[in-house]
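Number of protein chains: 2
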Amino acid sequence: MDKNLKRMATMHRMQVTGLELFYKNGYYNTSIDDILKSLSLSKGAFYYHFQSKEDFFVSIVQNLIVRKVYSLLIEPIEGKEDPFQAIEKCFENALETAEHNEMDYGFVLSNFISEFNRRNTVISNYLMDIYKVWEVNLVSILQKGKSDGFVNRHVDSEGVATYLISSYMGVRTLMVQGNCRNLRYKYMQQLRHYFNSLAQKEAV
Amino acid sequence: MDKNLKRMATMHRMQVTGLELFYKNGYYNTSIDDILKSLSLSKGAFYYHFQSKEDFFVSIVQNLIVRKVYSLLIEPIEGKEDPFQAIEKCFENALETAEHNEMDYGFVLSNFISEFNRRNTVISNYLMDIYKVWEVNLVSILQKGKSDGFVNRHVDSEGVATYLISSYMGVRTLMVQGNCRNLRYKYMQQLRHYFNSLAQKEAV
DNA sequence: ATTTTTACCGACCACTTAGTCGGTAAAAAA
DNA sequence: TTTTTTACCGACTAAGTGGTCGGTAAAAAT
């Protein structure tokens, strides 16, 4: 552990900068040299710590993306009473982060899922695993919401989870082109509206 | 016109194959040589007809993507009586195409919007123009639906349009990883549910 | 019949890419 | 103190990349 400190620190620096550039320019459009240049490190350093570009990206997924998705999209809604309120707040926060910070990890996820789709199945699988955890988490909080009387019993929790994630990913795709504030406002309004219909008696 | 026939035919062949490969492998991950090889054409032929890779892609957007989005996502809902029914059918068709054919143009659009985002503003703008036309069309049919008594007057048409496009783009992102049938089913179910709430009296 | 244009060929260029490899200074282990 | 390991350097390679350019055969225009 102790003796690995320097190693870990350098690897972490590379991962953070790597994710930043991969996110900004895309994986295939970002070279290792780009990352190295912005860190003032050499090829040797990179291939000392990582086996390949792919291996490097996988380590980013497992060390940075997984954890951030957990802390931003999963933990905030876990164990909350009212699922709709919890999800609404969580999405609102995430979209606000997206607006200012321009790197919320729900979108990082969907962005990379798109990019690697059918181009790199290894990476795709790692990304889809995260998506599945997110989905399962939404489903379970909705199910619990049924017992607690917040969610109509006829609601299809899996369907709702899919719909929620879909719309979130979609609106984030649109937000990157600007007009974020307006999009966020419109999106949240419709989300509330949708939730209303799931709490009422008439449900599909 | 007549004398341009051969020219047009070759350009069209290049565009069709180009779109296929760009869609499958991504723009930055597809070389002109890849396209030329699969057409048994040479560099000379390419640069005789197009000025650059970017110019080539723009021509694909304007000749193929625009038209397909029109014929698949815009015209089918134009002039229909009940907006919800029209949109529902249209989306259902598009997602079915996606399932079998694996290239529906609503997704082609969102896919490329993601890829070019912040990487090529010229192309991004062409793509966003198409998105805007789609959105405007949805808004106007929803507005008309209000006059005709299908849509609740308190509904925010622009918000609904945004939400619809977002969710559609999102679900398509997820569909490419497989499990299409199930995703489509769940998505359509929730869409109908959402529409129900917009037709009723209580609206946001 | 001659000239010009069209549509294409493919060698070539400058540059970028992921990845290799021999070397090395400093730190840790012996 | 000597040896070994760690963490890194940077020149190099082979395989692409987008794009240029001189050439050419067939068709069209004159």
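Heads up: the protein sequence lines correspond to chains A and B, in order.
Going left to right, the first sequence walks through residues 1 to 204 as our numbering numbers them.
Going left to right, the second sequence walks through residues 1001 to 1204 as our numbering numbers them.
By construction, the Cβ of each residue, glycine as well, lies at the ideal position given by its N, Cα and C atoms.
The structure displayed is predicted, hence computed values, not measured ones.
State yes or no: is the C-beta of residue i within less than 8 Å of the C-beta of residue j?
i, j, result
"residue 10 of chain A", "residue 35 of chain A", "no"
"residue 1026 of chain B", "residue 28 of chain A", "yes"
"residue 151 of chain A", "residue 199 of chain A", "yes"
"residue 1109 of chain B", "residue 1127 of chain B", "yes"
"residue 192 of chain A", "residue 95 of chain A", "no"
"residue 1194 of chain B", "residue 197 of chain A", "yes"
"residue 1171 of chain B", "residue 1130 of chain B", "no"
"residue 1053 of chain B", "residue 1032 of chain B", "yes"
"residue 42 of chain A", "residue 1177 of chain B", "no"
"residue 1181 of chain B", "residue 1099 of chain B", "yes"
"residue 1074 of chain B", "residue 1133 of chain B", "yes"
"residue 169 of chain A", "residue 1162 of chain B", "no"
"residue 1111 of chain B", "residue 1023 of chain B", "yes"
"residue 186 of chain A", "residue 1156 of chain B", "yes"
"residue 21 of chain A", "residue 30 of chain A", "yes"
"residue 64 of chain A", "residue 15 of chain A", "yes"
*asked:* Check whether the region 136-148 of chain A and the region 74-92 of chain A touch, using three or more Cβ-Cβ pairs below 8 Å as the test.
replied: yes
Curious, which full-length alpha helix (DSSP H) runs of at least 4 residues does the region 1095-1160 of chain B contain?
1105-1116, 1121-1147
Write down every uninterrupted run of the alpha helix (DSSP H) in the region 1025-1083 of chain B whose length is 4 residues or greater and which is fully enclosed by it, in chain order. 1032-1039, 1043-1049, 1053-1060, 1066-1069
**Item:** Complete runs of the alpha helix (DSSP H) confined to the region 157-203 of chain A [at least 4 residues]
**Value:** 157-175, 180-199
Quiz prompt | Where the region 1029-1043 of chain B meets chain A: residues whose CB sits under 9 Å from a CB there | solution = 1029
| query | For the 8 Å Cβ check, are there 3 or more pairs between the region 38-48 of chain A and the region 101-118 of chain A? | reply | no
### Query
Given a limit of 7 Å on CB to CB distance, which residues of the region 139-152 of chain A reach chain B?
none
Can you pull out the residues from the region 1175-1192 of chain B whose beta carbon lies closer than 7 Å to at least one beta carbon of chain A? 1176, 1177, 1183, 1186, 1187, 1189, 1190, 1192
Residues in the region 101-130 of chain A having any Cβ partner in chain B nearer than 8 Å: 110, 111, 113, 114, 115, 117, 118, 119, 124, 128
To be precise: take each residue of the region 1072-1085 of chain B, compare its Cβ to all Cβ atoms of chain A, and keep it if any distance is under 9 Å. Which residues remain? none
For the region 1151-1167 of chain B, list every residue whose C-beta sits within 8 Å of some C-beta in chain A, in sequence order. 1156, 1158, 1159, 1160, 1162, 1163, 1165, 1166, 1167
Exercise. Quick one, which residues of the region 1011-1029 of chain B are near chain A if we go by CB-CB under 8 Å, in chain order?
Worked result: 1024, 1025, 1026, 1028, 1029
Mind checking the region 1047-1064 of chain B against chain A and listing, in chain order, the residues whose C-beta falls within less than 7 Å of any C-beta there? none
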